[in-house]
Amino acid sequence: MEKKSALELLDFIYESPSAYHGVVKVRQLLDANGFSEVKEADKWNLKKDGKYYTVKNDSAIIAFVVGNGDVVEDGFRLIGAHTDTPGFRIKPNPEMTTEGKYLKLNTEGYGGPILNTWYDRPLSIAGKVTLKGASVLKPEVKLVNINKPLMIIPNLAIHMNREVNEGYAINKQKDTLPLLGLINEKFEKDGHLLKLIAEELNVNSEEILGFDLALYEYEKGCLIGMNEELISSARLDDMWMVYAGTKALVDSKSNKATKVMVCIDNEEIGNLTAQGASSNLLIHTLERITLALGKDKEDFYRTLSNSVMISADLAHAVHPNLPEKHDLTNKPVLEGGPVLKIAAAGSYSTDSFNAAIFTEVCKKAGVPFQKFVNRSDVRGGTTIGPVTAANLTIPVIDMGAPVLGMHSIRELAAVKDNTYTIKAFTEFYNV
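Quick look at the structure:
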């Protein structure tokens, strides 16, 4: 069962090459389990035990199951994750030619990818394309995934870069532009990317008004290790937690609390978008749920006072070659179970109160858990936890499944930790 679940995760991630495609996969899982879409523009009529979801910008989705108790007294039980991944986005007018032979694409970095891991790998393109619509204010949106090895970022030979293994400062504007192809006698001056997209979507390239496209690793993830106990894949951060949380939501039992799975976008660049954690998207959605159940504004704030959330991201497992990079007494390992993330600076939202909640949840689920704190001389990252806690003013547990190589094009996790995390999330929704 553990291996089967890990293979299902790999399929889910492979079919989610962009945040937009990730939302499609979540919708498919929800639709198959009796959920219905409620749109922002519609009046919401919700029923107890009803299963619903709403989508924002095609890249964020919030799913919820209305509890069979009183929403004010029983509150919300939330899990939050993010759909975006560090990497590269394609700029407008991206085509560039050099040396009369090479066709490249102009890109910019998104978030904090480990740049050298993107070299010499087959890459492709996926994302959102905007077309002319029936109205100027209503362009048509289509998703595209050119699912073939389309381009590559070639390394410079060591003979021309003798210091590369001693530390080389990669320039994102110069060193990481992908090679799309070679110029020959049939070469047209420009429009190659738009032509590829138009052919994939079966539209005329003149209809394309814009795009939000990202590069991704073409090769599918796999199980690895002597006993296939490890998961090697792109986009574990954070599509793994999107999958685990959604799976827990659909597998959990009906109970009094209203259960919510939050999959937001743009965490890797600071959350400050309409579909990000710093927006009012989540608080507006929770308020609408409360109002649609016949409650008023004051009832909504009372509901929040009885609510709790898990901010689900990934956590740094101790590195087998560099254990000194970790805190002296808090060193999570692969197969050790989900990890509570703690920071005195407030970059993680876990405190002793909400940590106690997660501790008891893991005990009830029969799942081991660990704790992570950064070395005091190392600045760590952050998550949607602090900003969500500040917006909702509720306890938010910051945790993550342990991983090696976070923000690499290909991260490494453990099969057992996938099972542990889903079990813990399911128990959280059930209690």
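So the sequence shown is residues 1 to 431, counted in UniProt numbering.
Beta carbons are placed, not taken as given, at the ideal position from N, Cα and C, and that holds for glycine.
- Sequence-distant Cβ neighbours of H21 in its own chain, meaning closer than 7 Å and more than five residues away, are E15, A126, L143, N145.
- Across the structure, N354 and Y420 are spaced so that their CA atoms are roughly 19 Å apart.
- Taking a contact to require three or more Cβ pairs closer than 8 Å, the region 390-403 and the region 298-314 qualify as touching.
- Collapsing the DSSP output to three states places D417 in a helix.
- Under the DSSP assignment, E95 falls in the beta strand (DSSP E) whose first and last residues are 87-98.
- Using a Cβ distance threshold of 9 Å, F88 and P149 do not count as a contacting pair.
- In terms of CA proximity to L334, K371 leads the group K364, K371, A345.
- In this structure, F64 and T258 form a Cβ contact; the two beta carbons are roughly 6 Å apart against a cut-off of 8 Å.
- Note: D212 is bridge-paired with K128 in the DSSP secondary-structure output.
- Between V250 and N33 a beta carbon distance of about 4 Å is seen, short of the 8 Å cut, so the two are scored as contacting.
- Scanning G109, T54, G133, V339 for the CA closest to the CA of M241 turns up V339.
- Closest option to E267, judged by alpha-carbon separation, among G381, T290, L194, G294: G381.
- Restricting attention to beta strand (DSSP E) runs no shorter than 3 residues, the region 336-414 encloses them at 339-342, 370-373, 396-403, 411-414, ordered along the chain.
- In the displayed model, T285 falls within a helix according to three-state DSSP.
- Counting C-beta pairs closer than 8 Å gives three or more between the region 44-56 and the region 278-291, which meets the contact rule.
- Here P139 carries a strand assignment [DSSP, helix/strand/coil].
- DSSP, read as helix, strand or coil, puts V242 in helix.
- When the beta-carbon positions are compared, T117 and I409 come within less than 9 Å of each other.
- About 6 Å separates the beta carbon of G111 from that of I269, a gap short enough to meet the 8 Å contact definition.
- With respect to the C-alpha of T285, the residue from L392, S305, S252 having the closest C-alpha is L392.
- Here the alpha carbons of D120 and D175 stand approximately 12 Å from one another.
- Between H319 and L404, the alpha-carbon positions lie close to 7 Å from each other.
- G80 is positioned such that its CB atom lies no closer than 9 Å to that of N255.
- Relative to V262, the option among K91, G385, D74, L137 whose CA is nearest is G385.
- For a cut-off of 8 Å, the C-beta gap from H192 to L103 is around 7 Å, short enough to register as a contact.
- Linking I61 to K48 through their CA atoms gives a straight-line distance of about 20 Å.
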